[in-house]
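Engineer:
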Amino acid sequence: MTTTRRDIFKFAGGSALGALLTPAPWRLITDTALWSENWPGIPRPARGEIRAKFTHCSLCPAGCAVRARCVGEQPVSLAGVRGGLCPFGVTGHQLPYHPARLRQGPVSEAMAAVADAIAKCGPGERVAVLDLRPGRTASWTARRAMAVLKNGWYIAPVQSPVAVDLTKARTVLSLSAPLLERWGTPANVFAVRDGFRLIQADPVESRTAALADLWLPIRPGSEEALALGLAGQLTSAETAAMTGLSEHQIESVGQTIGFGRLSLVIDRAMSPAVVALNVKLGGWGRTIVPRAEAPVPPEWKKAAPVTDLAAVPDRSIRVLLIDESAPGEYLPWDAIEKKLAAGNPLVVVFAWSANGYGRYAKYVLPTPVYPEATDDIPPAIDSPAPCFRIAAPLLAAPAGVVTPSEFIASLAGLPPADALRERARAIHQGGRGTLVTYADAKSVPVKEVKPDDFWKALNAGGCWVGQALPPANFRAPVGQALPPANPSQGLVVLATPPAPSPASPLFTKLYQESDLLLAPNCIALHPQDAARCGVSAGNRATLETPNGKWSVRILTDSSVRPGVVLAARPEMASASGKVVRV
Amino acid sequence: MNAQKKYGMSIDVDRCTGCGSCMVACAVENNIPPAHAGANDRNGLTWIRVYKVDNGEDYPGKRSAFIPVLCQQCGEHTPCASVCPQQAVDVDPRTGIVGQMPERCLGCRYCMAACPYHARYFNWWDPRWPAGMEKTLNPDVAPRMRGVVEKCNFCHGRWHAAKQKAAAAGKSEIEPGDYVPACVEACPTGAIRFGDLNDPSNDLRHPDSFRLLKKLGTDPKIYYRSKRDWVRNVAQASRPVSSQKEASHG
């Protein structure tokens, strides 16, 4: 038998056809598909034991209770214990890996420079700590340290001494407060949302205004004028002229929130004028209540007083330590800079990212970030009772970072001590209040808990809740008749509610892959204003304000009030701005 | 024999603040990477997307609302399943969930063209996370490769976990509280609720609720609620985006 070329072709062709009838090629396709799912370019999630840990989110004053799902020691997702979390809280476990994260800094060099600068302070010159999140145990440590230094000052934004009780309110008048966004504790606010009528006075149709029962589109900066008008310190005509509302609207709101109707008036910071209006409406002790701070050890009472930045004499600070480790209130750098002494003042910033005040500082020292940092969170504005809760770390902080309170304490020679534990001991010794633990959903009187168990429970995500104080023990703050805001020149630049910055890279889902949030490099203005400025949607432009210039991208939005520019970054906010096309 | 489920959602538009928690929680749960530098609102990857819609008027008459849109889990004549040449789309008869199998998907995007809700997304780029962030990936969900279509599957990884938990406890049915998608869990306002539409004890299918593009007859399992008439009207438009936003990105 001879084998011809034709036989070879027939054999090869038959083999190919026959192979199709076997599982081999289909198996190959399946394996290729599976392999392409796991090729080296695609990361593989870590495997391990799944555990739940509890802590509190320290990214904003709400301090929501958090349940973390961990693979081994690594948190892979965060969820709220008493309701959902905001997007910042949901993605908090990703912050330690943010590309802007600081990991190394000249800690010893900064320590030596600060000690040297303190020694060389001239007469009348000061060493100051600027704490952007006051009321924490770390704040008390900074205050104690500044009391030890003979020329030390503790500077912090003024905190309202009151809290609100939304559960008692039947009508809430919000003066540009982001009540439904980032004001109180989201779970608490929405748990009682159906129980009150919401009137939102806001220059732009904010997210709160969009869901309010009534939106009053007032002029920017006229919130206090409206409060004074409703308090009877301005006539309806004067109030209408300042706010841009009609007299009828103002009188109608006045009737709705009239005396004794369980009304609550709020603004972003519960200013004295707003507190006074609440008192006038009969809300003192009902919808608005005084709140005591969680107990501290008696020896801490010798701490330096809290000083408002505005009360600091100009050109008086030689050494300024800014604690930016926990997201807090934004203060314009101009206001800070004019307090610095002339001629090479030393500014040290404690921060976890390269954003913020670091660009103005000589030294930027890296700090732990949530959920690495151990910190406590003072009660939110909508918590009538005092409380003490700890943001227990879910991850170990990397080597090279420094805790601001430890740095400041060592500067003043305070003995190294666990201030949080000392405070927990003082609270336990007080014997009042209850311990709430989320893991087993129990609430136990503190008296029935041993000191060590109390401390362990706090570190496992527990929360101490004190007793609300009777209002008769306190005097209501007195409101001030502030002058109305002057009409500004140019465009008024308003910032969206302050948020932790920088946020997780996943926030690009919200402002790059969708239009849900305003991107940090974007501004929104009314189409009429855009046309007047010679820009249109998508253009690059420069936003010029007295605070500086920013390169921005234009968005047009007819829900923005004409004459107003909406920006995402607080440093852009200004009473007078200009948009120039690039 | 297990009772057949029909999982669905109820979304109260009047409670949605548009905070975006659902969107980022979905990305965390399903290992969806941060946006590529070249990504935008047309080629981005968001299994659930919150659209801002408005009544079309100008300030101060303008009123806005936020509508979360995800795969509507169509029950009848599922458009994506009927066009897929690879059988990469499958409706699970046990749950009613429309599943997507990236291993089978060849990236033809017929399903994207067929989906009337624009709720399917093509994976244009290899998944990349900033250095170190891959440690935070969910071990229950495999990241998908470039070139496949993705969409919401009601957090199928959570359904499997709930099934395993029930099996470990010797039960054949999962407890309702054990299976909750990430967006429902994350919503701080409680606007999104989830459950078995066959269960008469929940009111997900409230008489006042409406569904997107009801006229198409796709029988979506996502029910929306709003007391505002203009919101209900907008929900029947082919794409729930305001004319203003269209113009600003045109």
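As they're listed, the protein sequences go chains E and F.
Be aware that the first sequence starts at 24, since it is given in the numbering used here, and climbs by one per residue.
Be aware that the second sequence starts at 2, since it is given in the numbering used here, and climbs by one per residue.
Glycine residues also receive a C-beta, built at the ideal position from the N, C-alpha and C atoms.
Keep in mind that this is a model prediction, so the values were computed, not measured.
1. Please identify, using Cβ separations under 8 Å, the residues of the region 186-211 of chain E that lie next to chain F, in order along the chain.
2. Using the three-state DSSP reduction, which class does Q452/E fall into: helix, strand or coil?
3. Our contact map puts V152/E next to L443/E with C-beta atoms below 8 Å; I'd like the distance itself, whole angstroms only.
4. Since P144/F meets chain E, which of its residues come closer than 7 Å, beta carbon to beta carbon?
5. Taking a contact to mean a Cβ-Cβ separation below 8 Å, would you say G76/F touches K215/F in this structure?
6. Going by C-alpha to C-alpha distance, which of N562/E, A142/E, T397/E, L529/E sits closest to A35/F?
7. Looking at the structure shown, is P389/E part of a helix, part of a strand, or coil, going by DSSP?
8. Closer than 8 Å, Cβ to any Cβ of chain E: which residues of the region 106-138 of chain F, in chain order?
9. L221/E and A235/E: beta carbons closer than 8 Å?
10. Count the other C-beta atoms from every protein chain shown that fall within 10 angstroms of the C-beta of R121/F, then say buried if there are 16 or more, exposed otherwise.
11. Applying a beta-carbon distance threshold of less than 9 Å, which residues of chain F neighbour Y393/E?
12. For P506/E, count neighbouring Cβ atoms within 10 angstroms of its own Cβ and tell me buried if that reaches 16, exposed if not.
13. First and last residue of the alpha helix (DSSP H) that includes Q551/E?
14. Would you mind sorting E96/E into buried or exposed? The rule is 16 or more other CB atoms within 10 Å of its CB.
15. Taking Cβ-Cβ distances shorter than 7 Å, what residues in chain F pair up with F32/E?
16. Select from the region 180-192 of chain F all residues with a C-beta closer than 7 Å to any C-beta belonging to chain E, and list them in chain order.
17. Look up S582/E in the DSSP assignment and say whether it is helix, strand or coil.
18. Please report whether the beta-carbon of S428/E lies at a distance below 8 Å from any beta-carbon of chain F.
19. The alpha helix (DSSP H) spanning H79/E covers which residue range?
20. For the candidate residues R242/E, T26/E, R105/E, P66/E, whose alpha-carbon lies nearest to that of L514/E?
21. At a CB-CB cut-off below 8 Å, which residues of chain F make contact with L589/E?
22. Taking the C-alpha atoms as reference points, what is the distance between K465/E and V459/E?
23. Could you name the residues of the same chain whose beta carbon sits closer than 7 Å to that of K228/F, not counting the 5 residues immediately before and after it, in chain order?
24. On the DSSP bridge assignment, give the partners of Q237/F in chain order.
25. Counting along the chain, where does the alpha helix (DSSP H) carrying P295/E start and finish?
26. Which one of T565/E, L541/E, L548/E has the shortest CA to CA distance from G21/F?
27. When you compare the CB of K76/E with every CB in chain F, is at least one pair closer than 8 Å?
28. Which first and last residues belong to the alpha helix (DSSP H) in which C23/F is found?
29. Just reading off the beta strand (DSSP E) that S339/E is part of, what are its end residues?
30. Just tell me which of P402/E, A554/E, R604/E, G571/E has its CA closest to the CA of D580/E.
31. Using a Cβ-Cβ cut-off of 8 Å, state whether M24/F counts as contacting chain E.
32. Checking the sheet assignment: what are the DSSP bridge partners for C486/E?
33. How big is the Cα-Cα spacing for P252/F and S406/E?
34. Since H271/E meets chain F, which of its residues come closer than 7 Å, beta carbon to beta carbon?
35. Could you tell me whether the region 398-414 of chain E touches the region 82-90 of chain E, where touching means 3 or more Cβ pairs closer than 8 Å?
36. Give the DSSP-derived three-state secondary structure of T330/E in the structure shown.
Structural biologist: Reading it off the structure:
1. L203, E204, P209, A210
2. helix
3. So it is not a contact: roughly 18 Å between Cβ atoms.
4. I65, P66
5. no
6. Note on identity: in this sequence residue 35/F is Pro, with Ala being the wrong assignment. Ranking N562/E, A142/E, T397/E, L529/E by Cα distance to P35/F puts L529/E first.
7. strand
8. D127, P128, W130, P131, A132, G133, M134, E135, K136, T137, L138
9. yes
10. buried
11. Correct list: empty, because the minimum Cβ distance to chain F is about 14 Å.
12. Any answer about P506/E is weak, because its pLDDT of 49 lies below 50 and its placement is not dependable; what the coordinates show is given next. Under this definition P506/E is an exposed residue.
13. 550-556
14. exposed
15. In chain order: nothing, as chain F lies at least about 32 Å away.
16. E186, A187, C188, P189, T190, G191
17. coil
18. no
19. Element bounds for H79/E: not the alpha helix (DSSP H) but the beta strand (DSSP E), 73-79.
20. R242/E
21. Neighbours of L589/E on chain F: none; closest Cβ ~12 Å, over 8 Å.
22. 6 Å
23. D15
24. BP columns for Q237/F are empty, so no partner.
25. 295-303
26. L541/E
27. no
28. 22-30
29. Segment: none, S339/E is in no beta strand (DSSP E) and carries neither H nor E.
30. A554/E
31. yes
32. R412/E, V459/E
33. Residue 252/F falls outside the range modelled here, since chain F spans only 2 to 251, and no answer is possible.
34. Ordered by position in chain F, no residue passes the 7 Å Cβ test against H271/E, which lies about 15 Å from the chain.
35. yes
36. strand
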